[in-house]
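Trainee: Quick one: structure below, then a few questions.
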Amino acid sequence: MTGMYERICNEYESFSPHSRDSAVAARDVFPGGDTRSSAHFAPYPLFIERAEGARLYDADGHTLLDFMNNFTSLIHGHAYPDVVREVSEQVARGSAYAAPTTSQVQLAQHIRDRVPGIEQLRFCSSGSEATLMAIRCARAATRRHKIMKMEGGYHGSYELAEVSLAPIAELAGGLAAPNSVPIDDSFPPSVLVDTVVCPYNEPELARRLIASHAQELAAVIVEPVLGSMGMVPATREFLAELREATLAHEIVLIFDEVITLRLGDLGAQQLHGVTPDLTALGKIIGGGLPIGGIGGKRELMQLFHPDQKRPVMHASTFSGNPMSMAAGLAAMQHFNPQKRAHIDDLGGRLRNGFNKAFQDNGIRGQAIGLGSLSNIHLTDEPIGNARLSFAASRRTGRVLRCIHLGMLMRGVASAARLMYCTSTVMTDADVDFAIAALQDTLRDLRDELRREKPELVN
Ligand SMILES: Cc1ncc(COP(=O)(O)O)c(C=O)c1O
35 MTGMYERICN EYESFSPHSR DSAVAARDVF PGGDTRSSAH FAPYPLFIER AEGARLYDAD
95 GHTLLDFMNN FTSLIHGHAY PDVVREVSEQ VARGSAYAAP TTSQVQLAQH IRDRVPGIEQ
155 LRFCSSGSEA TLMAIRCARA ATRRHKIMKM EGGYHGSYEL AEVSLAPIAE LAGGLAAPNS
215 VPIDDSFPPS VLVDTVVCPY NEPELARRLI ASHAQELAAV IVEPVLGSMG MVPATREFLA
275 ELREATLAHE IVLIFDEVIT LRLGDLGAQQ LHGVTPDLTA LGKIIGGGLP IGGIGGKREL
335 MQLFHPDQKR PVMHASTFSG NPMSMAAGLA AMQHFNPQKR AHIDDLGGRL RNGFNKAFQD
395 NGIRGQAIGL GSLSNIHLTD EPIGNARLSF AASRRTGRVL RCIHLGMLMR GVASAARLMY
455 CTSTVMTDAD VDFAIAALQD TLRDLRDELR REKPELVN
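What the sequence shown shows, in our numbering, is residues 35 to 492, in sequence order.
What follows is the structure, encoded as structure tokens:
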């Protein structure tokens, strides 16, 4: 008997024959047809031919509203006219020089003036590199080596940044002192020993864990919204406790604002009034081009100073490249408080509409998030930490996939884990279109869900 998932996959394959053919060719050159784990999903992703504003155009001639925005990096959607102009002019003047440019200084000044915790900064090429360099800076400053990260936190494509990313109940240990769990078989044991895992949104447990490891901890790194676990916002109380405890033990507090810089003006640190020592940046500051940034207190950033006796080494061929600087400056200059309020309002409208769609269809699900960042979870229990979020997505993985494919077939693109972010070029009508698509998708799945996953249906 064909189940709901098989039915939806069949419909998706009929919907996207050109993408299916391209996926077959991709499997020949890429393992599984995939060159970026986060953008891949089964049975295969849609191949995109072009994008403009809030819309993607795929290889089969469909138009999709893009709530993915390259995993939150496109604050103004695709091909934003000012970004296109600046980048076109820059590429004609050369795409990269091993030399400074005034555009680097201008973008740095812009960020420094808007982010409370940043007195000085450096650019790099990705958010992964930004968190890595922030960690190295903290280690050099404190001469300690252990790093505390949050359970379910993601800081990039290297081992430490992914410890305990997937808090599998059988491996995770007790909440008060979670185990350091590798995400795959590539982790050397030393990384697990050097990483202390902290439960998210548990101020009291965090305070105790920090105190018990204080002598060895160089840094505590935290995302103000737990992105990979489905946009779980930190409470202000939790961030404030991390600030207090790290100050008490002279540990460097790093905010990973690679995703959350779009909140507040600019950053969750501004929104919550909690200022870290170092901030890792990425995504929106590149205006759609590859970028990262490390910023923070002058005394810490001085450790990168080339005249230091032993400066923290940071090179990287595309650091501060003029293309990313041009795109980033154009994007940031247009990201003003009015536009931020607009994307936050759209985010709120989307969550309300999605929540109503779950209620109207009698399905246990919810949209959570903050400002322009949202994520669907298939549970009606409140989600405050990684364990609750991960357990729900593990229980309901195939249903999430059906909703994702169903939404794509109705012209709405999101991350496969049902993450949605709004961009400044979106309108209320765009958001309402997505809400109607979810209503329709849930209506379509409801009877099969009642048979196959009755615990999800009221
Ligand atoms: C919170 C966070 N930190 C770091 C990174 C790594 O950034 P990049 O993919 O640019 O290396 C990401 C990427 O999604 C992220 O979400």
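All residues carry an ideal CB built from backbone N, CA and C; glycine is no exception.
For His411, does the three-state DSSP call read helix, strand or coil?
Mentor: DSSP places His411 in strand when its eight states are reduced to three.
Trainee: Note down the Cα distance separating Asp92 from Val63, rounded to an integer number of angstroms.
Mentor: Whole-angstrom Cα-Cα distance: 21 Å.
Trainee: Quick one: give me the first and last residue of the beta strand (DSSP E) that Asn157 is part of.
Mentor: A small fix is needed here, since residue 157 is Phe in this sequence, not Asn. Element bounds for Phe157: Gln154 to Cys158.
Trainee: For ligand 1, is there any heavy atom lying closer than 8 Å to the beta carbon of Ile293?
Mentor: Yes, ligand 1 has a heavy atom inside 8 Å of this Cβ.
Trainee: Measuring from the CB of His348, is there a heavy atom of ligand 1 at a distance below 8 Å?
Mentor: Checking the Cβ of His348 against ligand 1 gives no.
Trainee: With which residues is Cys455 paired in a DSSP beta bridge?
Mentor: According to DSSP, which records beta bridges pairwise, Cys455 is partnered with Leu407.
Trainee: Do Ala268 and Ile244 have their beta-carbon atoms positioned less than 9 Å apart in this structure?
Mentor: Contact: no.
Trainee: What are the boundary residues of the alpha helix (DSSP H) that Lys373 is part of?
Mentor: Pro371 to Asp394 is the span of the alpha helix (DSSP H), which, as asked, contains Lys373.
Trainee: Flag this pair as yes or no: are the beta carbons of Leu464 and Leu99 separated by less than 9 Å?
Mentor: The sequence given here has Asp at residue 464, not Leu. In contact: Asp464 and Leu99 (Cβ atoms closer than 9 Å).
Trainee: Tell me whether the stretch 433–446 and the stretch 40–51 touch, counting them as touching only if at least three CB pairs, one residue from each stretch, are closer than 8 Å.
Mentor: These segments touch.
Trainee: Can you determine whether any heavy atom of ligand 1 sits closer than 8 Å to the C-beta of Thr165, and answer yes or no?
Mentor: Yes.
Trainee: Tell me whether His52, by its Cβ, gets closer than 8 Å to a heavy atom of ligand 1.
Mentor: No, the beta carbon of His52 sits no closer than 8 Å to any heavy atom of ligand 1.
Trainee: DSSP three-state call for Glu284: helix, strand or coil?
Mentor: Glu284: coil per DSSP, three-state reduction.
Trainee: Pro233: beta carbon under 8 Å from a heavy atom of ligand 1?
Mentor: Flag unset: Cβ of Pro233 not near ligand 1.
Trainee: Quick one: Cα of Arg242 to Cα of Ala274, how far?
Mentor: Distance between the alpha carbons of Arg242 and Ala274: 14 Å.
Trainee: For Asn355 and Ile437, what's the separation of their Cα atoms in angstroms?
Mentor: About 39 Å.
Trainee: Could you tell me which whole beta strand (DSSP E) segments of length 3 or greater appear in the stretch 268–344?
Mentor: Fully enclosed beta strand (DSSP E) runs of 3 or longer: 286–290, 312–316 and 326–330.
Trainee: Rounded to whole angstroms, what is the Cα-Cα separation between Pro222 and Val197?
Mentor: Near 11 Å, if we compare the C-alpha coordinates of Val197 and Pro222.
Trainee: Could I get the ranges of all uninterrupted alpha helix (DSSP H) runs contained in the stretch 36–64, with 4 residues as the minimum, in chain order?
Mentor: Fully enclosed alpha helix (DSSP H) runs of 4 or longer: 38–49 and 51–63.
Trainee: Per DSSP, what kind of secondary structure is Leu108 in: helix, strand or coil?
Mentor: DSSP places Leu108 in coil when its eight states are reduced to three.
Trainee: In the DSSP assignment, find the alpha helix (DSSP H) that holds Met366 and state where it starts and stops.
Mentor: Per DSSP, Met366 belongs to the alpha helix (DSSP H) from Pro356 to Gln367.
Trainee: With a threshold of 8 Å (Cβ to nearest heavy atom), would Pro324 be considered close to ligand 1?
Mentor: Yes - ligand 1 has a heavy atom lying nearer than 8 Å to the Cβ of Pro324.
Trainee: Where does the unbroken alpha helix (DSSP H) through Ala88 begin, and where does it stop?
Mentor: That residue, Ala88, is in no alpha helix (DSSP H); it is neither H nor E in DSSP.
Trainee: Mind listing, in chain order, the continuous beta strand (DSSP E) runs of no fewer than 3 residues lying wholly within the stretch 210–238?
Mentor: Listed in chain order, they are 229–232.
Trainee: Is Val292 buried or exposed, if buried means 16 or more other CB atoms sit within 10 Å of its CB?
Mentor: The residue is buried, with at least 16 neighbouring Cβ atoms inside 10 Å.
Trainee: Less than 8 Å separating the Cβ of Tyr454 from some heavy atom of ligand 1?
Mentor: No, ligand 1 has no heavy atom inside 8 Å of this Cβ.
Trainee: Quickly, what does DSSP pair Met182 with across the bridge? List them, please.
Mentor: Its beta-bridge partners are Val230 and Val254.
Trainee: When you compare the CB positions of Pro216 and Glu185, do they come within less than 9 Å of one another, or not?
Mentor: No, these two residues do not count as a Cβ contact at 9 Å.
Trainee: Could you give the distance in angstroms between the alpha-carbon of Met182 and the alpha-carbon of Asp228?
Mentor: One C-alpha to the other measures close to 8 Å.
Trainee: Exposed or buried, what is Asp481 when buried is set at 16 or more other beta-carbons lying within 10 Å of its beta-carbon?
Mentor: Under this definition Asp481 is an exposed residue.
Trainee: Report yes if the CB atom of Pro258 is closer than 9 Å to the CB atom of Gly151, and no otherwise.
Mentor: Taking 9 Å as the Cβ cut-off, Pro258 and Gly151 do not qualify as a contacting pair.
Trainee: Per DSSP, which residues does Ala401 bridge with? Please list them.
Mentor: Bridge partners of Ala401: Ile410.
Trainee: Report the rounded CA-to-CA distance for Ala142 versus Lys331, giving the unit in angstroms.
Mentor: Going from the Cα of Ala142 to the Cα of Lys331 covers about 14 Å.
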